[in-house]
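Participant: Pasting in a structure now, in structure tokens, and then I'll have a few things to ask.
2 protein chains.
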Amino acid sequence: MILTVTLNTALDITYRTAALTPHATNRVAEVSERPGGKGINVARVLAALGHESVVTGFVGGRTGDALRELLAAEGPGGRPAHASASDAPVTDALVPIAGTTRRTIAVVDETTGDTTQLNEPGPTVTPAEWAAFLTSYEGLAARADAVALCGSLPPGIHVGAYAELVRLARAAGRPVLLDTSGEPLRRGIAARPDLVKPNADELAQLTGSREPLRATRDARRRGGRSVVASLGAAGLLAATPDGSWRAAPPMAVRGNPTGAGDSAVAGLLSGLVERLPWPERLARAVALSAATVLAPAAGEFDREAYADLLPRVAVTEQSSQPEQEPHAPRQHR
Amino acid sequence: MILTVTLNTALDITYRTAALTPHATNRVAEVSERPGGKGINVARVLAALGHESVVTGFVGGRTGDALRELLAAEGPGGRPAHASASDAPVTDALVPIAGTTRRTIAVVDETTGDTTQLNEPGPTVTPAEWAAFLTSYEGLAARADAVALCGSLPPGIHVGAYAELVRLARAAGRPVLLDTSGEPLRRGIAARPDLVKPNADELAQLTGSREPLRATRDARRRGGRSVVASLGAAGLLAATPDGSWRAAPPMAVRGNPTGAGDSAVAGLLSGLVERLPWPERLARAVALSAATVLAPAAGEFDREAYADLLPRVAVTEQSSQPEQEPHAPRQHR
Chain A
23 MILTVTLNTA LDITYRTAAL TPHATNRVAE VSERPGGKGI NVARVLAALG
73 HESVVTGFVG GRTGDALREL LAAEGPGGRP AHASASDAPV TDALVPIAGT
123 TRRTIAVVDE TTGDTTQLNE PGPTVTPAEW AAFLTSYEGL AARADAVALC
173 GSLPPGIHVG AYAELVRLAR AAGRPVLLDT SGEPLRRGIA ARPDLVKPNA
223 DELAQLTGSR EPLRATRDAR RRGGRSVVAS LGAAGLLAAT PDGSWRAAPP
273 MAVRGNPTGA GDSAVAGLLS GLVERLPWPE RLARAVALSA ATVLAPAAGE
323 FDREAYADLL PRVAVTEQSS QPEQEPHAPR QHR
Chain B
23 MILTVTLNTA LDITYRTAAL TPHATNRVAE VSERPGGKGI NVARVLAALG
73 HESVVTGFVG GRTGDALREL LAAEGPGGRP AHASASDAPV TDALVPIAGT
123 TRRTIAVVDE TTGDTTQLNE PGPTVTPAEW AAFLTSYEGL AARADAVALC
173 GSLPPGIHVG AYAELVRLAR AAGRPVLLDT SGEPLRRGIA ARPDLVKPNA
223 DELAQLTGSR EPLRATRDAR RRGGRSVVAS LGAAGLLAAT PDGSWRAAPP
273 MAVRGNPTGA GDSAVAGLLS GLVERLPWPE RLARAVALSA ATVLAPAAGE
323 FDREAYADLL PRVAVTEQSS QPEQEPHAPR QHR
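As you go down the protein sequences, you meet chains A and B in turn. Note that our numbering gives residue 337 to position 315 of the first sequence, counting from 1, and the numbers run on in steps of one. Note that our numbering gives residue 305 to position 283 of the second sequence, counting from 1, and the numbers run on in steps of one.
What follows is the structure in structure tokens.
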């Protein structure tokens, strides 16, 4: 079982409009809702890859009730049309709070295909609720094959929260992945997670460097045992104890990048628990990520595109001499 | 008791953002929710004027539950800070349906003060639900001092629905006000409501004329016993069996016009049941409407501004000779 933690879960609402006109009244043509937050997205992809997963974090209020109901409907017995019979279950181990789970609204402009995102702030979590979460988390982490800590912190949670969760997972002897940004990432990485997956901006914010190979190696020195940087259309760059690799999709893909990073996390985590060699983990993460960009619904991945892309991802080992790297970013295929 | 009908109720959500940037991710600084839909807004203002009111229409799903809970919290015992001790109760007589009540989202850009509105489509109402509503409506209308039919029709409701509700109120001997637009207004006015309150656009769409006095008189010929057109900052123009009047605020007011029309309806309805002469009804409607534009929260009215504006509204009787009216709109104070 893989445990994913989403402290700031969300009810993700998508509005389709003919065109979004600011400062006017816009009729929404179509509304859809689904459980959201990075760790929940990761669990959904893990389930599609056949990995049993458990989601935890906080949930509350009417939007929290809606999130849990939709999450239950995604599991066996209530799976949506795009799910496959081989999907593993996603188990709800969310911790109830007095506050109300936030909504995120993605307004998709059907004329241009562009998305305008509105993110509510999360509910404030009390110290007692955080303590209840920690108790539950320790029990869940102890029986997980891997733990993923994903996304932003809701109000009320101390900035060293991820560092605390990393240490608890490590104390339980469980591999732990951290995917967050800013100060929670800076504190969390110092607690020595097995894997961090920053994007180019998060990596630059952490290390001060926009040169990806230099920055990933710096992030390793800060405490990440392995660092996999997501470089958008250029794919992934990994710095690990076993070596460094770049993995790039066979061609640039166009579509909705929402959830592409979460799919990459699911690829890396599944590869980790399956003990795949790094190049295979990276190829899987890149193919899943590109297949997510290509899927019509945000955060889903296109299974056929995934199968087609997987053998075509180019993984190349990088020099082990960071001194010899040029300072300017290379052109990648 | 005054009965207000809102067939397409809504949970009105307001988001405050520093600035709304299309095609980007926007953090919402503050979220507020309240029961919405025109008839519910009218009832809230009636309550503030000391008139007991009953709201009916359709409600369903989680958003419907939230709407009912917020509506109950607005009543005695749970009144918000701006409410006064003299407020009369708003009684919930909404009819439950299987569908889910829509949300409307007003995104207020705090830099410019502009509002971008996103309106979900309403739930589809089944024929059985419409039949259940009609039974409930007949009972409520029979004991109402006046009935107000407000807003758009949700999917599934036939376009002649307001005409049917007008006829039922008239059969019960109750005065009935209609505030809607398009084909439901065209059909509804033919059923001879006591009062219609179109805005300039609705009136032009109904009559084909942009000359307000000509158009209000045309609307009377179409079946409206009295027609009160809201002309935005220029105030109101009334054509009634007792004469025609213009009523204008003492100065142009700037602010958020959301709910100004609903406040005008509440002013007209309360004046009707109090049997005020037309000039007093119109002055009340204009002062309430302007005091709504001036209030910081959308759809509320500023009580002090109302008291200040009421004696200063200019009401002038119009010529009874429409032929002598110029074809171009006049300049009003």
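Cβ coordinates follow ideal geometry from the N, Cα and C atoms, glycine included.
1. Flag this pair as yes or no: are the beta carbons of Leu142/B and Leu92/B separated by less than 8 Å?
2. Please report whether the beta-carbon of Asn63/B lies at a distance below 8 Å from any beta-carbon of chain A.
3. Where does Gly100/B sit, in a helix, a strand or coil, going by DSSP?
4. Give me the subset of the segment 133 to 158 of chain A whose CB atoms are less than 8 Å from a CB atom of chain B, sorted by chain position.
5. In whole angstroms, what separates the C-alpha of Val188/B from that of Leu200/B?
6. Within 10 Å of its beta-carbon, does Ser266/B have 16 or more other beta-carbons around it, so buried, or fewer, so exposed?
7. What does Glu322/A pair with, by DSSP beta-bridge criteria?
8. Which residues, in order along the segment 40 to 59 of chain B, keep a beta-carbon less than 9 Å from a beta-carbon of chain A?
9. Could you tell me which chain A residues have their CB closer than 7 Å to the CB of Val129/B, listed as they occur along the chain?
10. Considering Cα atoms alone, identify which of Arg242/B, Ala320/B, Thr338/B and Asp216/B is closest to Leu290/B.
11. If you drop the 5 nearest sequence neighbours on each side, which residues of the same chain put their C-beta closer than 6 Å to that of Glu151/B?
12. Ignore the nearest five residues each way along the sequence and tell me which others in Ala261/B's own chain have a CB closer than 6 Å to its CB.
13. Can you check whether the C-beta of Gly100/B is within less than 8 Å of a C-beta belonging to chain A?
14. On the DSSP bridge assignment, give the partners of Thr262/B in chain order.
15. Got a sec? Which residues, its chain only, sit under 8 Å from Gly82/A by beta carbon, not counting five neighbours each side?
16. Using only the alpha-carbon positions, how far apart do Pro177/A and Gly230/A sit?
17. Gly210/A: which of Pro279/A, Gln227/A and Tyr184/A sits nearest, CA to CA?
18. Tell me Gly289/B's beta-bridge partners as DSSP assigns them.
19. Which same chain residues end up closer than 7 Å to Gln340/A when comparing Cβ atoms and leaving out the 5 residues on each side of it in sequence?
20. Quick one: does Asp87/A have its CB under 8 Å from some CB of chain B?
21. Quick one: list the residues of chain B neighbouring Tyr37/A, beta-carbon separation under 9 Å, in chain order.
22. Span of the alpha helix (DSSP H) holding Ile211/B?
23. Sort Leu225/A, Arg192/A, Arg232/A and Thr78/A by Cα distance to Ile62/A and report the nearest one.
24. Let me know the secondary structure DSSP gives Pro357/A once reduced to three states.
25. Relative to the alpha-carbon of Arg80/B, which residue among Ala154/B, Met23/B, Arg66/B and Ile127/B has its alpha-carbon at the smallest distance?
26. Would you report the Cα separation of Thr138/A and Ala128/B, rounded to the nearest angstrom?
27. Pull up the CB-CB distance for Ala317/B and Leu331/B, whole angstroms please, since I reckon it's below 8 Å.
28. Since Arg334/A meets chain B, which of its residues come closer than 8 Å, beta carbon to beta carbon?
29. Give me the residue from Ala168/B, Arg306/B, Thr148/B and Leu175/B with the minimum Cα distance to Leu271/B.
30. Between which two residues does the beta strand (DSSP E) holding Ala128/A run?
31. Between the alpha carbons of Leu207/A and Met23/A, how many angstroms are there, rounded?
32. Quick check for students: name the residue ranges of the alpha helix (DSSP H) that lie wholly in the segment 59 to 101 of chain B, counting only runs of 4 or more.
33. What three-state label does DSSP hand Gly257/A in the structure shown?
34. What is the residue span of the alpha helix (DSSP H) that Gln227/B lies within?
35. According to the Cβ coordinates, are Gly161/A and Ala213/A closer than 8 Å?
Facilitator: To lay it out plainly:
1. The amino acid occupying residue 142/B in the given sequence is Glu; Leu does not appear at that position. Taking 8 Å as the Cβ cut-off, Glu142/B and Leu92/B do not qualify as a contacting pair.
2. No, no contact with chain A.
3. At Gly100/B the pLDDT is 44, less than 50, meaning the model places this residue with poor confidence and gives no usable figure here.
4. Here the close residues are Thr134, Asp136, Thr137, Thr138, Gln139, Leu140, Asn141, Glu142 and Pro143.
5. Near 8 Å, if we compare the C-alpha coordinates of Leu200/B and Val188/B.
6. Counting the other CB atoms within 10 Å of its CB gives Ser266/B a total of 16 or more, which places it among the buried residues.
7. DSSP output for Glu322/A lists no bridge partner at all.
8. Of all residues in the segment 40 to 59 of chain B, those with a C-beta nearer than 9 Å to a C-beta of chain A are Leu42, Thr43, Pro44, His45, Ala46, Thr47, Asn48, Arg49, Val50, Ala51, Glu52 and Val53, reading in chain order.
9. For Val129/B, the chain A residues whose Cβ falls inside 7 Å of its Cβ are Leu140, in order along the chain.
10. Taking only the C-alpha atoms, the option nearest Leu290/B is Asp216/B.
11. Same-chain partners within the cutoff: Ile119.
12. Around Ala261/B: Thr238, Arg239, Arg242 and Val249.
13. Low confidence applies to Gly100/B: its pLDDT is 44, below 50, so where it sits in the model is not reliable enough to give any reading.
14. In the DSSP secondary-structure assignment, Thr262/B is bridged to Gly265/B.
15. These residues qualify, in order along the chain: Pro118, Ile119, Ala120, Gly121, Thr122, Thr123 and Pro145.
16. Per the coordinates, the alpha-carbon of Pro177/A lies some 26 Å from the alpha-carbon of Gly230/A.
17. Of Pro279/A, Gln227/A and Tyr184/A, the residue nearest in Cα terms is Tyr184/A.
18. Assignment of beta-bridge partners to Gly289/B by DSSP yields no partner.
19. Leu235, Ser266, Trp267 and Arg268.
20. For Asp87/A, the answer is yes, since a Cβ of chain B falls inside 8 Å of its Cβ.
21. Those are Ile127, Leu140 and Glu142, listed as they occur along chain B.
22. From DSSP, the alpha helix (DSSP H) with Ile211/B extends over Gly204 to Ala212.
23. Minimum Cα distance to Ile62/A is reached at Thr78/A.
24. Given a span of 23 to 355 for chain A in the structure shown, any question on residue 357/A remains unanswerable.
25. For the sequence presented, residue 80/B should be read as Phe rather than Arg. Of the candidates Ala154/B, Met23/B, Arg66/B and Ile127/B, Ala154/B places its Cα closest to the Cα of Phe80/B.
26. Each residue's CA atom was taken as its position, placing Thr138/A and Ala128/B some 14 Å apart.
27. Rounded, the Cβ-Cβ distance is 12 Å, inconsistent with contact.
28. By Cβ distance, chain B contributes nothing, its closest Cβ being about 31 Å from Arg334/A, past 8 Å.
29. Strictly speaking, residue 271/B in this sequence is Pro, with Leu absent from that position. Looking at the Cα atoms, Arg306/B is the closest of the given residues.
30. Arg124 to Asp131 is the span of the beta strand (DSSP E), which, as asked, contains Ala128/A.
31. Rounded to whole angstroms, Leu207/A to Met23/A spans 25 Å at the Cα level.
32. As far as the segment 59 to 101 of chain B is concerned, its whole alpha helix (DSSP H) runs of at least 4 residues are 60 to 70 and 83 to 96.
33. Reduced to three states, the DSSP call for Gly257/A is coil.
34. It spans Ala222 to Thr229 - the alpha helix (DSSP H) in which Gln227/B sits, taken as one unbroken run.
35. With contacts defined as CB atoms closer than 8 Å, Gly161/A and Ala213/A fail to qualify as a contacting pair.
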